[in-house]
Structure formats: C-alpha cells, structure tokens
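S.K.:
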Amino acid sequence: MQLHKTLPWLALAAAIAGLLTTVFSLRSAPTLLKQISRRRADLTELQALRQERAGHRSALDLYEQLPTKKAVPLKDLAASAGLPPNPDIRWQDDIPAAEGWVLRAVDVRFESVRLADLARFLKLAQESRPPWRLRECALTAVGSAPGFALASLTMETLEKKAP
Amino acid sequence: MALFSAYRNEVCYGIDWAETRAVVVRSVRVRGRIDHQPVFEQAGPETASALALFFTGLKGELETGRASAAGAMPVSQSFIRWLQTPLKSPAKAKKVLPSLLDIQLPFPLETCVYRFPRFRRVPAAGIDALAVAAPLQNISTRLALFQSKGIDPAMLDHEGLALWSQSCAELPLERDTLRIVAYLGEDRTVLVLGRNDEPTGAHSLRLGLADHPGGDKEQLARFALRVRQILRAQPSESGHPAMQWLWTGPGADRAEWVEALRNALNELGELRFAAHKKPASFLARGLGERCLTGADERFNFRQDNLEHPSAAQDRRRQSTRFLASCLAAGILLSVINLFWQAFLHRQLNRSQEELGRLAVELSGMPKIPKGQEVMLVRRSLEQQDALLQPFLQAFEPAMQARLLRILEIAFNNQIQIEKMSLQPGVLAMTGSSTDWDRCETLAREIRAEGYEINLSRQEAGADERVHFTIQGGSRATP
Chain A
166 MQLHKTLPWL ALAAAIAGLL TTVFSLRSAP TLLKQISRRR ADLTELQALR
216 QERAGHRSAL DLYEQLPTKK AVPLKDLAAS AGLPPNPDIR WQDDIPAAEG
266 WVLRAVDVRF ESVRLADLAR FLKLAQESRP PWRLRECALT AVGSAPGFAL
316 ASLTMETLEK KAP
Chain B
150 MALFSAYRNE VCYGIDWAET RAVVVRSVRV RGRIDHQPVF EQAGPETASA
200 LALFFTGLKG ELETGRASAA GAMPVSQSFI RWLQTPLKSP AKAKKVLPSL
250 LDIQLPFPLE TCVYRFPRFR RVPAAGIDAL AVAAPLQNIS TRLALFQSKG
300 IDPAMLDHEG LALWSQSCAE LPLERDTLRI VAYLGEDRTV LVLGRNDEPT
350 GAHSLRLGLA DHPGGDKEQL ARFALRVRQI LRAQPSESGH PAMQWLWTGP
400 GADRAEWVEA LRNALNELGE LRFAAHKKPA SFLARGLGER CLTGADERFN
450 FRQDNLEHPS AAQDRRRQST RFLASCLAAG ILLSVINLFW QAFLHRQLNR
500 SQEELGRLAV ELSGMPKIPK GQEVMLVRRS LEQQDALLQP FLQAFEPAMQ
550 ARLLRILEIA FNNQIQIEKM SLQPGVLAMT GSSTDWDRCE TLAREIRAEG
600 YEINLSRQEA GADERVHFTI QGGSRATP
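Protein chains in written order, with this note's numbering: chain A, 166 to 328; chain B, 150 to 627.
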C-alpha cells in the first residue's frame, strides 16, 4: 500500500532526475570534449617540443660528461706548442650558458710566431677538453724570414664553475 | 471512465446462459490465434446448479487471474443504435452524443451505463457513432444472477455485438449484402443486422426453443411479421441489397425448428439462408473471442461501481508496471549520465595532469597555470635555447680547421702570406707566390673549402713574385 502511494512520486522524481541529468549532460559534454581535445593537442605539441629539444640536450650532456669542466690555460697550451709562454691575453666578458656553464672568450696576441708552431697551438687547443675554439684570427707577416707572423686570435671555450 | 481493455489473460470462459440451457466455451490465445473448446453444455432444469458446480471447479483459475469469464447482457435488456451528428470532428461529436442519446433512450441517461465504441465518417454529412447502453438496474440484476451461482464474469458484453463480430470473424461479409444473424436461443431469438462490417441494429424476439411450437402457425406468423417490420426499418439509401440470413444458436441444430422458421420467412422475398458451424456454442465463442482480442465494438457493461475487481487490479498492475519502468528508466538514465560525466571529467583531469607534468618538466618552472602550458613552455625553451646555443655551436665545424687548412694550402704552394684576416664568414688575404698559377691553385682550393672569393693578381715585380689579394666569405657562415 505504501509502495503504491510512494511509487508515483519516486517515478516522477526519477524521471525528472533522468531528464535533468540528460539535459545537463547534453549541454556540458561538447564543452568537455572540446577541452579534452584541446589538452590532448597541447600535449602532442609539448611532446613534439620535447623530442626536438632532446637533440639540443645531448650536446650539453656531452659536456657534462667531461672529466673536467675547466679548460686548459692557453699559456700552458702555448708552452706545449713551443710558442712564447706569456702571450698577451685579454679576457672578454663571460656569457652565461645553460646549467651553470659559462662561455669564456679571450683575445690572445703573439708578437712573433712561427706559423707552424701556431698551427700546432691551434690543434692542441682544439683537442683539449673542454676545447678552445678559434673565433677570429688576424695574421701579419713579420721579419724578413718567411713563416713568421704577428698573430691576434680570439678564442672561446665553455667552462663550468665549481658549485 | 475507460473501456475495459486491461485483459492480460490468455484464457477466457465465454458463458451463454439462458434459464434452462448453458454453454461454456474455453477460449485460449495460442500464438496469436484463439482456440475455442466447449467445456460445458447442459439443458434442463438443473442447468443453473450444474453451471455453478462447474464454475466452482474453475475457482482457482479465475481468482488467481489466470483466466477470466465473460457473459452476455441480453439484447432485450440493453440498447444499440447509430447516432448521427452533423459535426466533422469526432472530438466535438463526443461532446454532443450523450445529449443525442438521452433523447432516444426510454430511460434517463444518468441511470445507464453507456459508451460510443465506434465512429464512422459520413461524407458530406458528419460523424456517426454507435451507442451502446443498458440501465444500471438491468446490469446489476444480470450480474446478481451470475453471482448467485458463484460466477463473477469480469466482462459483461453486449449479446448482439458479440453475435455480430463472431459472425463476421467466422464468415466474411459479402459486399453490399444485408446480413441477418439469427440466434435461436432457448428462451428468445435474437436478430442482429448489419452491412459492410457494421452492425445496424439488434432485436430480441420472445420466441425460443422452449416455445418450440410444433405447428403453431400464429407464433410463426408473428415472427414473420416482426422480421418484416425490422427489415422495413432498415435504412434504404442504397436501394434493395441482397439479404443473407445466418442461423446460429442452440436452436439452429434443430432442423425442424429451422425449417418451420424458414418457411415462415418465405414471403419476405429473396433471403439466402445459411448456418454458422457449431451453432450451439456460437455465442459463447463470440464472448470468449471478444474478451481476448481487441474487437472494435467490444464493450463491457461492468463499469465504474460495477467494475470487476480484476479490472481495477489489472489497471493498478499496469500503472505500477508503468511507474516502475519510469523509475527504472529515470534511474538508468541518471546513472548513465552521471557515469558519462564522471568519465569525461576523469579524461579531462588526466590529460590536464599529464600536460601540467610535461610542461613543468620542459619549462623547469615549479608550477604552470592551466591554459598557459604551451605558451610558457615555448617561452622557457626559447630562453633555454639561447643558453644552449654555445653547446650547439661547439659541435659545428671550427674555424681552426679552416685556418689550418688554408695555412697548409699556402705552405704546399709555396705561398707567403703577408696578411690574413679570418672571421666568421669573412676571409681577406694578401700574399705572394712564385708564379701566376699557384695563386690560382690557392684560390681554387680555398673555394673548395666553401668560400666565395675574388682573386686579384699583379704581375711579378722586382722580387720576382706574383702578389695577390683574396677577398670573400664562406657560402655557409659558421
């Protein structure tokens, strides 16, 4: 008997609830789907960016794997190459790089060097770790004997400061 | 007040009961067909008590609702007639029909049970309706008679309509033929007339098997006269149709009785006589068939206060079923929608989490506001790119290699360099060579290193050396 009295109200309530939830669902579903779609598109874009940058990171990773993060002084390299041990060295401003590394550039001037020794110096600089790279070079022949020159070089390297 | 249409039974006991004769047919719905099986037939003074005893045996089946019983409201105690209205709309016609019926009834409409079970549209005229009515007193009396024998029929149908619809079901009508179904009962003869699938009238004559006259010509003459009156009263708008007379009822099995009646009707003109099969159980079959199927003119006099308890129960059951379905559907719909919403939100949250995590990983920022992931990551990566650039450049071809190569070329070609300036993308060089061709060789090999240069030479001077100038830049700036 009680069921007979309450059943119509329950049915009505359920029907209204069903109708309301359906209306709500129909109205909100397109928005939600759009939001999900947008997020997935953003995710795809970020994943593509990550993949792209993976190559960039590998260059940094190679430097991180170096046993030493400090470049061999140019004076030492010059001495090893048979060049005058005290070249005129002027440091430029350091430029910060990623992960605590710093790009260091220096102007080096050798008054009178044999080109063959200069070539050896440049090779040693390139083979050192971290390597020294030649950015600019100006040679002017000096003296009467061939193969000697005044060399003005701009060299740069990457170093990591100790924490 | 709705017509009784709530039958869900598959079994009905149709009861054709006169004072001293009763026939009961068990009608069963089987795979869409109705099978009829006579289960009781008795005549004589003990009929009523035998019938009561028979129905005692069916008590279980009837009370549990597995079967129902259907009886007939005699034509003599009820009323059918077509009413004409000039209205074109059935809805409007329904409003005026009670008033039209009231005029035609010999008793007040308020004391009746009445309905209009059938409508027809008459071209250029309006809507006609079949009215079926019976006084409440008559219905109560009839019910009391059944109930006194322990029978409580759920359906009390109109006798004439039951005969008509069963006749049409068992023998299809011929076109433009007036059919007269003559039910020869124990205590009465019922004539139901109709054309083109529609009953036009029902009449009860006080002439039955009990009055089997033998050679009573007076009774037969009165019978013939009455039939003539009835036929003359038929609408004649379509001329003189063919007339088909069908015998049925328990009296139709009595050949001499049928013959006597037939002879009495000879003078009425051309009547084609025929008989329904198994006429004794014809009415009971009709009642059972109409109870189990949705015949158009099916009508139950047990309305309102006279309604059978099973009808109300069935209505309640239907209502409960409907409400329960609504409840279930509403709950199901709500659950589905809630799950769907939950699922979508979960998808959204997951993708947002993943997006946020990746954005933090790429940008290196501790937290990124929603909706700004791509923008902030791009900005951050641009800054990172600037800081990573030196590392990328570190793996590009070094200028040392070019310088060393140029020095090597110069050495190999006995060229003295007087001045040389090498910057990213720019080369300027002056020197001298022992001959003209070696300058060209130098220039060619410098070009092979990727430089676009101009070579200018001067003829050998006092030092017998060819002085040259080379200027240019690399095709791909380092």
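Every residue, glycine too, gets a C-beta built ideally from N, C-alpha and C. Everything numeric in this text was worked out from a predicted model, so none of it was measured.
Please determine, among B/620, B/621 and B/606, the residue with the shortest C-alpha to C-alpha distance to residue 614 of chain B.
M.R.: Residue 614 of chain B has its Cα closest to that of B/606, out of B/620, B/621 and B/606.
S.K.: Using a beta-carbon distance below 8 Å, is residue 238 of chain B in contact with chain A?
M.R.: Taking Cβ atoms only, chain A never reaches closer than 8 Å to residue 238 of chain B, which makes this a no.
S.K.: Please report the distance separating the alpha-carbon of residue 242 of chain B from that of residue 428 of chain B.
M.R.: Each residue's Cα considered, the two are about 38 Å apart.
S.K.: Could you pull the start and end residues of the beta strand (DSSP E) that residue 324 of chain A belongs to?
M.R.: Segment 313-325, the beta strand (DSSP E) holding residue 324 of chain A.
S.K.: Does the separation of the CB atoms of residue 513 of chain B and residue 500 of chain B fall below 8 Å?
M.R.: It is not a contact, given that the beta carbons lie outside the stated cut-off.
S.K.: How many Å lie between residue 305 of chain B and residue 218 of chain B at the Cα?
M.R.: Approximately 9 Å, taken between the alpha carbons.
S.K.: As an exercise, report each continuous beta strand (DSSP E) stretch of at least 3 residues that is fully enclosed by the stretch 533-586 of chain B, in chain order.
M.R.: The qualifying runs are 565-572 and 575-582.
S.K.: Count the other CB atoms within 10 Å of the CB of residue 169 of chain A; is the residue buried (16 or more) or exposed (fewer)?
M.R.: The residue in question, residue 169 of chain A, is exposed, as its Cβ has fewer than 16 Cβ neighbours within 10 Å.
S.K.: Residue 309 of chain B and residue 351 of chain B look like a contact to me (Cβ under 8 Å); what is the Cβ gap, rounded to whole Å?
M.R.: Contact holds; Cβ gap of about 3 Å.
S.K.: Could you round the C-beta distance between residue 214 of chain B and residue 468 of chain B to whole angstroms and report it? I think they count as a contact, below 8 Å.
M.R.: So it is not a contact: roughly 16 Å between Cβ atoms.
S.K.: Measure from the C-beta of residue 207 of chain A to each C-beta in chain B and report whether the shortest distance is under 8 Å.
M.R.: Yes, because at least one Cβ of chain B sits closer than 8 Å to the Cβ of residue 207 of chain A.
S.K.: Is the beta carbon of residue 206 of chain A closer than 8 Å to that of residue 483 of chain B?
M.R.: Cβ distance not < 8 Å, so residue 483 of chain B and residue 206 of chain A don't count as in contact.
S.K.: Please list the residues of the stretch 407-422 of chain B that have a C-beta atom closer than 7 Å to any C-beta atom in chain A, keeping them in chain order.
M.R.: Of all residues in the stretch 407-422 of chain B, none has a Cβ within less than 7 Å of some Cβ in chain A.
S.K.: Output the distance between the C-alpha atoms of residue 457 of chain B and residue 490 of chain B, rounded to the nearest integer angstrom.
M.R.: Cα-Cα distance, rounded: 49 Å.
S.K.: How many Å lie between residue 174 of chain A and residue 486 of chain B at the Cα?
M.R.: Going from the Cα of residue 174 of chain A to the Cα of residue 486 of chain B covers about 21 Å.
S.K.: Quick check: the Cα distance between residue 300 of chain B and residue 471 of chain B, rounded to an integer number of angstroms?
M.R.: Straight-line Cα distance between these residues: approximately 31 Å.
S.K.: Measuring alpha carbon to alpha carbon, tell me which of B/216, B/251 and B/506 ends up nearest residue 215 of chain A.
M.R.: Residue B/506 is the option with its Cα nearest to residue 215 of chain A.
S.K.: Once the 5 residues before and after residue 341 of chain B are set aside, which same chain residues still bring their CB inside 7 Å of it?
M.R.: Cβ neighbours of residue 341 of chain B beyond the five flanking positions: 309, 312, 313, 330, 348 and 351.
S.K.: Under 8 Å Cβ-Cβ, which residues of chain B neighbour residue 325 of chain A?
M.R.: Neighbours of residue 325 of chain A on chain B: none; closest Cβ ~11 Å, over 8 Å.
S.K.: Hey, is residue 622 of chain B's beta-carbon within less than 8 Å of any beta-carbon in chain A?
M.R.: Answer no: the Cβ-Cβ gap between residue 622 of chain B and chain A never drops below 8 Å.
S.K.: With 8 Å as the threshold, decide whether the Cβ of residue 503 of chain B is near any Cβ in chain A.
M.R.: Yes, residue 503 of chain B lies at the interface with chain A (some Cβ there is under 8 Å from its Cβ).
S.K.: Give the straight-line distance between the Cα atoms of residue 626 of chain B and residue 212 of chain A, rounded to the nearest whole angstrom.
M.R.: For residue 626 of chain B, the predicted model reports a pLDDT of 49, less than 50, meaning its position is unreliable and no value from the coordinates is stated.
S.K.: Could you tell me the alpha carbon to alpha carbon distance between residue 230 of chain A and residue 238 of chain A, rounded to whole angstroms?
M.R.: Near 20 Å, if we compare the C-alpha coordinates of residue 238 of chain A and residue 230 of chain A.
S.K.: In chain A, which residues lie with their C-beta within 8 Å of the C-beta of residue 566 of chain B?
M.R.: 280, 304, 306 and 314, listed in chain order.
S.K.: If you follow the alpha helix (DSSP H) that residue 215 of chain B is part of, which residue opens it and which one closes it?
M.R.: Note, residue 215 of chain B: premise wrong, no alpha helix (DSSP H); not H, not E.
S.K.: The beta strand (DSSP E) that contains residue 190 of chain B, what's its start and end?
M.R.: 182-192 is the extent of the beta strand (DSSP E) around residue 190 of chain B.
S.K.: In chain A, what lies closer than 8 Å to residue 478 of chain B by C-beta?
M.R.: Neighbours of residue 478 of chain B on chain A, chain order: 179, 180 and 183.
S.K.: According to a CB-to-CB cut-off of less than 7 Å, which residues of the stretch 351-371 of chain B neighbour chain A?
M.R.: Against chain A - using a Cβ distance shorter than 7 Å - the stretch 351-371 of chain B contributes no residues.
S.K.: Is the shortest distance between the beta-carbon of residue 151 of chain B and the beta-carbons of chain A less than 8 Å?
M.R.: Caution applies to residue 151 of chain B, whose pLDDT of 36 falls short of 50 and renders its modelled position unreliable; the value that the coordinates give is listed next. It does not: the Cβ of residue 151 of chain B has no partner Cβ on chain A nearer than 8 Å.
S.K.: Rounded to the nearest angstrom, how far is the Cβ of residue 282 of chain B from that of residue 228 of chain B, given a contact under 8 Å?
M.R.: Indeed, because the Cβ distance is near 5 Å, the residues count as touching under 8 Å.
S.K.: Distance cutoff 8 Å, beta carbons only. Does residue 291 of chain A sit that close to anything in chain B?
M.R.: With 8 Å as the cut-off, residue 291 of chain A counts as an interface residue toward chain B.
S.K.: Measure the Cβ-Cβ separation of residue 376 of chain B and residue 353 of chain B and say whether it is below 8 Å.
M.R.: No, the Cβ-Cβ distance between residue 376 of chain B and residue 353 of chain B is not below 8 Å.
S.K.: Measuring only between beta-carbons, confirm whether residue 475 of chain B sits less than 8 Å from chain A.
M.R.: Yes, residue 475 of chain B lies at the interface with chain A (some Cβ there is under 8 Å from its Cβ).
S.K.: By how many angstroms is the C-alpha of residue 210 of chain A removed from the C-alpha of residue 523 of chain B?
M.R.: If you take the alpha carbons of residue 523 of chain B and residue 210 of chain A, they lie about 8 Å apart.
S.K.: With distances taken from CA atoms, which of A/202, A/314 and A/193 is nearest residue 249 of chain A?
M.R.: Of the listed residues, the one whose Cα sits closest to residue 249 of chain A is A/314.
S.K.: Starting from residue 393 of chain B, follow the beta strand (DSSP E) in both directions and report where the run begins and ends.
M.R.: Unbroken beta strand (DSSP E) run through residue 393 of chain B: 391-397.
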